[in-house]
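Participant:
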Amino acid sequence: MNKKEERNWTIVLIIIVVASVGATKVLDDFYEMNGFISFLVGLGIAVILYVIYDLVRKIIKGNQNQDEN
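So the sequence shown is numbered by the UniProt record's numbering: it starts at 1 and just counts up by one.
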């Protein structure tokens, strides 16, 4: 794994952890869910957000490649 790839995975992990902790806090405060269940829901939301981010990034990268050709 090169440095750029390693840095990308670090950013991905930070995004997932921050989003899951934030979602857990919101679910605990507003919906009074059990802590572990709200963490799992928050983790699911974070993974869905990352998948959307990755798709948008690939679409943008694909459009840039088409513009160059």
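Ideal placement from N, C-alpha and C gives every residue a C-beta, glycine not left out.
Nothing here was measured: the structure is a model prediction, and the numbers come from that model.
1) Taking only heavy atoms of the ligand SAM into account, decide whether any of them is closer than 8 Å to the Cβ of Asn8.
2) Between Ser20 and Phe36, which are expected to be in contact by the criterion C-beta below 8 Å, what is the C-beta distance as a whole number of angstroms?
3) How many Å lie between Asn63 and Ile14 at the Cα?
4) Put Asn8 into one of helix, strand or coil per three-state DSSP.
5) Buried or exposed: where does Leu55 fall if 16 or more other Cβ atoms within 10 Å of its Cβ makes it buried?
Facilitator: To lay it out plainly:
1) With respect to the ligand SAM, the structure offers nothing, as it holds no ligand at all.
2) Numbered from 1 along the sequence shown, position 20 holds the residue referred to as residue 20. Numbered from 1 along the sequence shown, position 36 holds the residue referred to as residue 36. That belief does not hold up - the Cβ atoms of Ser20 and Phe36 are roughly 12 Å apart, past 8 Å.
3) The sequence position of residue 63 within the sequence shown is 63, counting from 1. The sequence position of residue 14 within the sequence shown is 14, counting from 1. Their backbone Cα atoms lie some 27 Å apart in a straight line.
4) Here residue 8 refers to the residue found at position 8 of the sequence shown. Collapsing the DSSP output to three states places Asn8 in a helix.
5) Working through the sequence shown from its first residue, we reach residue 55 at position 55. With fewer than 16 Cβ atoms within 10 Å of its Cβ, Leu55 is classed as exposed.
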